[in-house]
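Chemist: Residues in the sequence shown are numbered consecutively from 3, following the working numbering. Every residue gets a Cβ at the ideal spot worked out from N, C-alpha and C, and that includes glycine. As the structure is a computational prediction, the values presented were derived from the model and not from experiment. Below is the structure I would like to discuss, written out as structure tokens.
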Amino acid sequence: MTTTPALPSLVLRGSSATARFGDGFDYVQWEEDGRVTRIPLEAIEAVRSLDRSFEVVLTTAEADRRPAVWAVHDASTAAVTTFRAALQARLPERAAEGSRVDGEDLITEIPAGHPRRPSKRVLVVAVIAVFAVIDGAVAVLREPAWAIALPFFQLFAGAGVSMALTLGRGLYDALHLPRRGITVMAQLDHYTHRTKVYRYVDQDGGLHFYRNRTGGQQLELSYDPCNPGRASARQPLYGQVMMALMSIVGLGMACGGFGITGYQLFIALRG
């Protein structure tokens, strides 16, 4: 299935929330804490900005009641200015007199395709803590020098895990999504200092971005209909073979580093 992408959208990315808006949108899409929410334009009373912060003020049924405010903090100053101007120009005019509605009643939440996963930061801290305990135990029970040597093997293993997971997932997506997903022609949105960023729209109108080092003004890619943010560009056979080989190399690095760590812990506990 091939669809035509919609017009480009502005993205305002902050420290804990992301807002999206563009031509053809009659709502602001808000992403925060794993939730995706749509705020219709008629639910917005005003928009405000100050340096790197942006706020959406919702309407209230009673003019003297404190309105709800949705905010994006620590965003780019230029992005805040551009986003505010674009949204301000599209807000509907409101009569001085007349019935008012609660903006919160008009907001809709898009069901998530997958449950939230534990934070990567928490997982990394937990793994480091476990290895620190192991290294300390080996150093005390066997040889103090292992407290310095073992972390190098663990860093080596960590690099291998990263390679295996990243390339393995990329290979899986390259093989699976073209057959089971939805294929679209993504449009080049902008460049970064390392890669090109393409935009595409899913079947529900949600806007997504995909990074790729190569490609022209358009890029054919396939996305998962249950998780539209997960996509893969079409990969040639050579690329798939190289991804498979590098995944195997990463798996070997992980097994070697963790194997040495486990063996030294076994020897230390054995006494």
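1. Output yes if chain C places a C-beta closer than 8 Å to the C-beta of A151; else output no.
2. Kindly indicate which three-state DSSP category R201 falls into: helix, strand or coil?
3. Could you name the residues that DSSP lists as bridge partners for Y212?
4. Are the CB atoms of M255 and A159 within a distance shorter than 8 Å?
5. Return the residue from the list A161, R123, A48 that minimises the CA-CA distance to V251.
6. Let me know the secondary structure DSSP gives F27 once reduced to three states.
7. Pull the bridge partners of Y225 from the DSSP assignment, please.
8. Would a C-beta distance cut-off of 8 Å place R96 and T62 closer than the cut-off?
9. Answer yes if the region 120-130 comes into contact with the region 67-82, meaning at least three C-beta pairs across the two stretches below 8 Å, and no otherwise.
10. How would you write the range of the beta strand (DSSP E) that E106 sits in, first residue to last?
11. Please state whether the Cβ-Cβ distance between V74 and A147 is less than 8 Å.
12. Return helix, strand or coil for S249, following the three-state DSSP convention.
Modeler: Let me spell this out:
1. Included in the structure is just one protein chain, with no chain C present.
2. In this structure, R201 counts as strand in the three-state DSSP scheme.
3. Per DSSP, the beta-bridge partners of Y212 are Y200.
4. Yes, they are a contact pair.
5. When the alpha-carbon of V251 is set against those of A161, R123, A48, the nearest one is in A161.
6. In the structure shown, F27 sits in coil (DSSP, three-state: anything other than H, G, I, E or B).
7. DSSP lists I184, A233 as the bridge partner or partners of Y225.
8. No, Cβ-Cβ distance for R96 and T62 is not below 8 Å.
9. Contact between the region 67-82 and the region 120-130 is absent, because fewer than three Cβ pairs lie under 8 Å.
10. Per DSSP, E106 belongs to no beta strand (DSSP E); it is in the alpha helix (DSSP H), 105-108.
11. Contact: no.
12. Helix, per DSSP.
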